[in-house]
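To keep things clear, I will list the structure first and then write my remarks on it.
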Amino acid sequence: MAKIVGGVGTSHVPAIGAAVDHGKTEEPYWQPLFVGYEKAREWVATAKPDVVILVYNDHATAFSLEVIPTFALGVGESFVPADEGHGPRKVPVVKGHPELAWHLAEKLILDEFDLTLVNEMTVDHGLTVPLSIVCGRPNEWPFPVIPLCVNVIQYPPPTGRRCYKLGRAIRDAVASFDEDLRVVVLGTGGMSHQLQGERAGLINEDFDRSFLDKLSSAPDALAAIPHVEYLREAGSEGIELVMWLIMRGALADDVREVHRHYHVPASNTAAGLIVLENA
Amino acid sequence: MHEYDDIPGTYVFDGRRSREGYQLNMFCMSLIKEENRRRFATDQAGYLDKFPMSAGQRRAVLDRNWLEMLRLGGNIYYLYKLANFDGHSMQFLGAAMSGVTEGEFREMMTEGGRRVEGGRTAS
Numbered sequence: 001m002a003k004i005v006g007g008v009g010t011s012h013v014p015a016i017g018a019a020v021d022h023g024k025t026e027e028p029y030w031q032p033l034f035v036g037y038e039k040a041r042e043w044v045a046t047a048k049p050d051v052v053i054l055v056y057n058d059h060a061t062a063f064s065l066e067v068i069p070t071f072a073l074g075v076g077e078s079f080v081p082a083d084e085g086h087g088p089r090k091v092p093v094v095k096g097h098p099e100l101a102w103h104l105a106e107k108l109i110l111d112e113f114d115l116t117l118v119n120e121m122t123v124d125h126g127l128t129v130p131l132s133i134v135c136g137r138p139n140e141w142p143f144p145v146i147p148l149c150v151n152v153i154q155y156p157p158p159t160g161r162r163c164y165k166l167g168r169a170i171r172d173a174v175a176s177f178d179e180d181l182r183v184v185v186l187g188t189g190g191m192s193h194q195l196q197g198e199r200a201g202l203i204n205e206d207f208d209r210s211f212l213d214k215l216s217s218a219p220d221a222l223a224a225i226p227h228v229e230y231l232r233e234a235g236s237e238g239i240e241l242v243m244w245l246i247m248r249g250a251l252a253d254d255v256r257e258v259h260r261h262y263h264v265p266a267s268n269t270a271a272g273l274i275v276l277e278n279a
Numbered sequence: 280m281h282e283y284d285d286i287p288g289t290y291v292f293d294g295r296r297s298r299e300g301y302q303l304n305m306f307c308m309s310l311i312k313e314e315n316r317r318r319f320a321t322d323q324a325g326y327l328d329k330f331p332m333s334a335g336q337r338r339a340v341l342d343r344n345w346l347e348m349l350r351l352g353g354n355i356y357y358l359y360k361l362a363n364f365d366g367h368s369m370q371f372l373g374a375a376m377s378g379v380t381e382g383e384f385r386e387m388m389t390e391g392g393r394r395v396e397g398g399r400t401a402s
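So the protein lines, in turn, are chains A and B.
35 is the number that the working numbering gives to position 35 of the first sequence; each next residue is one higher, with no gaps.
396 is the number that the working numbering gives to position 117 of the second sequence; each next residue is one higher, with no gaps.
Written as structure tokens, this is what we have:
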């Protein structure tokens with residue numbers, strides 16, 4: 001049967017992708033961030049996932065205000081990197097895993113999660129930057145990806161509790177898949193940041209570090225954080241952190257923290273990284 | 280009345296703002312396409328005619344009054360597409376909305392960002 005072996009939480013700041021694309025990762029601004037990514041890359045390479053479920057948000061690229069799905073699961077064969085205004089990011093096409101994705105779709109809907117199913121969508125930096133973070137610059141991504149695109153732009157996003165429960169349901173759904181696949185889950189976005197308004201530039205290191213600590217030891221406490229607390233403490237855009245709870249919910253109750261890294265700034269954001277293994 | 284109304288300098292993109300800003304945001308969305316950017320570059324006011332937004336929103340767009348655009352329902356990810364059209368970065372926007380130069384904003388970020396102390400509530 002398929003099993004989830006671990007998960008990675010990571011920011012998906014577009015500037016991180018640009019640093020990779022333009023060979024800037026050794027520059028003084030970026031080096032302290034990228035040095036922390038090496039252990040995550042090693043872990044993913046060693047874990048050799050057969051498929052990665054990647055939780056992220058679109059940034060008004062594939063989805064605009066015309067249609068706003070709360071949870072959009074990519075069941076297609078492949079997903080093309082999006083043109084976010086100046087040509088698509090020059091990274092490989094993302095191959096999907098329709099067989100597992102459709103199994104997840106059926107199980108999750110019957111488990112009473114109301115999913116939007118997507119056969120075709122472009123994938124923007126929210127998805128491709130985490131792939132660069134954990135894979136570097138390969139000619140092809142080393143594994144197929146099932147995109148799980150979450151609405152965090154139109155307030156309100158799904159609650160932390162709902163995200164955590166969806167993660168649990170994903171865990172069950174994966175465990176019921178016949179083939180012996182090794183699965184890794186990525187939860188992306190955050191960490192604290194605010195891009196808008198007079199409070200632009202907000203960073204809350206205490207909040208972020210506490211979030212990283214509790215991700216392994218007290219995820220129920222994180223799942224109980226109300227939206228207004230994210231908005232107030234982690235910035236209006238820091239609410240993206242609810243997506244990490246989907247990843248955490250999909251892991252075992254007991255996890256081992258293998259690695260973490262935290263660095264400010266990555267553009268206007270606190271960049272966080274955590275690798276968790278099922279204990 | 281919302282429980283987040285007291286958070287200073289923060290324009291939560293809730294249903295009310297989304298309704299108000301729909302045409303403003305969809306105008307910004309249109310700039311993803313190069314042909315639209317070319318047409319907007321040729322005649323900004325004329326291009327805006329295609330999007331029935333309020334006079335205040337039109338004025339804010341043409342004046343590039345970013346805070347006013349936020350107040351009138353603009354969402355940052357959509358407004359960023361307009362800033363990007365102008366050749367600006369997200370840091371430029373952050374600076375413009377918080378009343379400092381881009382250089383000052385970048386320096387604030389490298390020094391750990393804007394602290395939350397004093398900025399949690401306006402009450």
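Positions of the beta carbon are idealized from the N, C-alpha and C atoms, including for glycine.
- Taken in chain order, the complete alpha helix (DSSP H) segments of 4 or more residues contained in the stretch 354-392 of chain B are 355-364, 369-377 and 381-389.
- The beta carbon of T70/A sits closer than 6 Å to those of N151 and P158, all from its chain and outside the five residues before and after it, given in chain order.
- In this chain, Y326/B is not harboured by any beta strand (DSSP E); it is covered by the alpha helix (DSSP H) spanning Q323 to L327.
- Note: G187/A is bridge-paired with G9/A and V55/A in the DSSP secondary-structure output.
- Chain order gives the chain B residues near H59/A as Y356, where near means a beta carbon separation below 8 Å.
- C163/A and G249/A do touch by the CB rule: their CB atoms are close to 7 Å apart, below 8 Å.
- Neighbours of Y326/B in chain A, taken as residues whose beta carbon is under 7 Å from its own, are absent, since the nearest beta carbon is some 16 Å off.
- Secondary-structure assignment with DSSP links K3/A through a beta bridge to R182/A.
- Residue contact with chain A for S377/B: present (Cβ-Cβ distance below 7 Å to some residue of chain A).
- Under the Cβ criterion of 7 Å, G201/A is counted among the residues facing chain B.
- With its beta carbon less than 7 Å from one in chain B, Y155/A belongs to the interface.
- Out of D58/A, R209/A, C135/A and G126/A, the CA that lies nearest to the CA of H261/A is found in R209/A.
- Going by DSSP, V134/A is part of the alpha helix (DSSP H) stretching over H125 to C135.
- Taking a Cβ-Cβ threshold of 9 Å, none of the residues of chain B is close to S210/A; the smallest such distance is about 13 Å.
- By the criterion of a C-beta distance shorter than 7 Å, P156/A is surrounded in its chain by H227, once the five residues flanking it on both sides are discounted.
- When C-beta atoms of the stretch 320-328 of chain B are compared with those of the stretch 254-274 of chain A, fewer than three pairs fall below 8 Å, so the two segments do not count as touching.
- Secondary structure note for G160/A: its alpha helix (DSSP H) is the uninterrupted segment G160 to A175.
- At the C-beta level, V275/A and A40/A come within 7 Å of one another.
- Boundaries of the beta strand (DSSP E) around Y262/A: V255 to A266.
- Sixteen is the threshold: when 16 or more other Cβ atoms of the shown chains lie within 10 Å of the Cβ of S192/A, as they do, the residue is buried.
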